[in-house]
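Engineer: By my numbering, the letter at position 148 of the sequence shown is numbered 161, and the numbering carries on one by one without gaps. From the three backbone atoms N, C-alpha and C, an ideal C-beta is built for every residue, glycine too. Just so we're clear, the structure is a prediction, and the values are computed from it rather than from any experiment. The structure follows.
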Amino acid sequence: MKRVFIISLYVWIPFLSYAQNDSTEDLEAYFSAMIVSDFDSSIHWYSKTLGFEVVSRVESVERGFKQSNLKRGDVLIELIQLDKALNLEDIVPNYNNKMRLIGFFKLGFLVKDFDKWIDHFTNEKVDFYGGIVTDDITGKRMVIITDPDGNRIQIFEK
Numbered sequence: 014m015k016r017v018f019i020i021s022l023y024v025w026i027p028f029l030s031y032a033q034n035d036s037t038e039d040l041e042a043y044f045s046a047m048i049v050s051d052f053d054s055s056i057h058w059y060s061k062t063l064g065f066e067v068v069s070r071v072e073s074v075e076r077g078f079k080q081s082n083l084k085r086g087d088v089l090i091e092l093i094q095l096d097k098a099l100n101l102e103d104i105v106p107n108y109n110n111k112m113r114l115i116g117f118f119k120l121g122f123l124v125k126d127f128d129k130w131i132d133h134f135t136n137e138k139v140d141f142y143g144g145i146v147t148d149d150i151t152g153k154r155m156v157i158i159t160d161p162d163g164n165r166i167q168i169f170e171k
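Take a look at the structure:
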């Protein structure tokens, strides 16, 4: 009986350990997309405030959309304006910026020179959502800014 148990361990252990291994490749961030209310204003804001450059731009009056891809380093952002997009203030009674919706909450970026970025945001009159916070565990600082549509962008000290 002992021999049967040992043999069964040799047979089943490889299958059990295989199930625990992740056979997928590393996941690499590629792009983020967001629907905006004012296409040109958003392109200007992401270019001037965060240093993105327009890679492509498409507008279709017949289909009711405008779309632009912006890039900075390896980060891609797609901005989309849709004629039929809904604004939460128009459809949710008593909507305010303290309400949370299910779905994406914010974008996050790591920066090497946190103070330089804060100065840049201040000079550009960027809206801050709260103040600078220091993480108790890492000692690193972070802050949240908002784009023209109120989307939150969190900046982390590297």
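Would you call the region 61 to 78 in contact with the region 125 to 142, where contact means no fewer than 3 C-beta pairs closer than 8 Å?
Structural biologist: They touch, by the three-pair rule.
Engineer: Give the secondary structure of Glu137 by DSSP, where H, G and I count as helix, E and B as strand, and everything else as coil.
Structural biologist: The residue given as residue 137 occupies position 124 in the sequence shown. Coil at Glu137, not helix or strand.
Engineer: Measure the alpha-carbon distance for Glu75 versus Lys171 and round it to whole angstroms.
Structural biologist: Position 62 of the sequence shown, counted from the start, is the residue given in the question as residue 75. Position 158 of the sequence shown, counted from the start, is the residue given in the question as residue 171. The alpha-carbon atoms of Glu75 and Lys171 are separated by roughly 45 Å.
Engineer: Does the region 82 to 101 come close enough to the region 142 to 149 to have 3 or more Cβ pairs within less than 8 Å?
Structural biologist: Because the criterion of three Cβ pairs below 8 Å is not met, the region 82 to 101 and the region 142 to 149 do not touch.
Engineer: Could you spell out where the beta strand (DSSP E) holding Ile158 opens and where it closes?
Structural biologist: Within the sequence shown, residue 158 is the residue found at index 145, counting from 1. Unbroken beta strand (DSSP E) run through Ile158: 154 to 159.
Engineer: Can you tell me whether DSSP reads Lys111 as helix, strand or coil?
Structural biologist: Taking the sequence shown and counting its residues from 1, one reaches residue 111 at position 98. Correct three-state label for Lys111: coil.
Engineer: Looking only at its own chain, which residues have a Cβ that is under 6 Å from the Cβ of Gln80, when we skip the five neighbours before and after it?
Structural biologist: The residue labelled residue 80 in the question sits at position 67 within the sequence shown. Around Gln80: Val71, Ile93.
Engineer: Provide the residue span of the beta strand (DSSP E) that contains Leu95, from first to last.
Structural biologist: Residue numbering aside, residue 95 sits at position 82 when the sequence shown is read from its first letter. Looking at the DSSP string, the run of the beta strand (DSSP E) that includes Leu95 is 88 to 95.
Engineer: At the level of alpha carbons, what is the spacing between Asp162 and Asn100?
Structural biologist: Counting from one through the sequence shown, the residue named residue 162 turns up at place 149. Counting from one through the sequence shown, the residue named residue 100 turns up at place 87. C-alpha separation (whole angstroms): 10 Å.
Engineer: Candidates Ile56, Asn110, Arg154, Gly121: which alpha carbon is nearest Lys129's?
Structural biologist: Counting from one through the sequence shown, the residue named residue 129 turns up at place 116. Checked all of Ile56, Asn110, Arg154, Gly121; the closest Cα to Lys129 is Arg154.
Engineer: Skipping 5 residues on each side, what residues in its chain have a beta carbon closer than 6 Å to that of Ser50?
Structural biologist: As a working note, residue 50 is residue 37 in the sequence shown. Excluding sequence neighbours, Ser50 sits near Asp162.
Engineer: Using the beta-carbon count (16 or more within 10 Å), is Asp160 buried or exposed?
Structural biologist: Residue 160 sits at position 147 when you count from the first residue of the sequence shown. Buried, by the Cβ-count rule.
Engineer: Given this structure, state the Cα-to-Cα distance separating Gly143 from Arg165, to the nearest angstrom.
Structural biologist: Position 130 of the sequence shown holds residue 143. Position 152 of the sequence shown holds residue 165. Approximately 11 Å, taken between the alpha carbons.
Engineer: Please state the DSSP three-state secondary structure of Lys125.
Structural biologist: Residue mapping note: residue 125 aligns to position 112 of the sequence shown, counting from 1. In the structure shown, Lys125 sits in coil (DSSP, three-state: anything other than H, G, I, E or B).
Engineer: Check the C-beta distance from Leu89 over to Phe44 and give it rounded, since I have them as a contact under 8 Å.
Structural biologist: Along the sequence shown, read from residue 1 onward, the residue named residue 89 stands at position 76. Along the sequence shown, read from residue 1 onward, the residue named residue 44 stands at position 31. Rounded, the Cβ-Cβ distance is 4 Å, consistent with contact.
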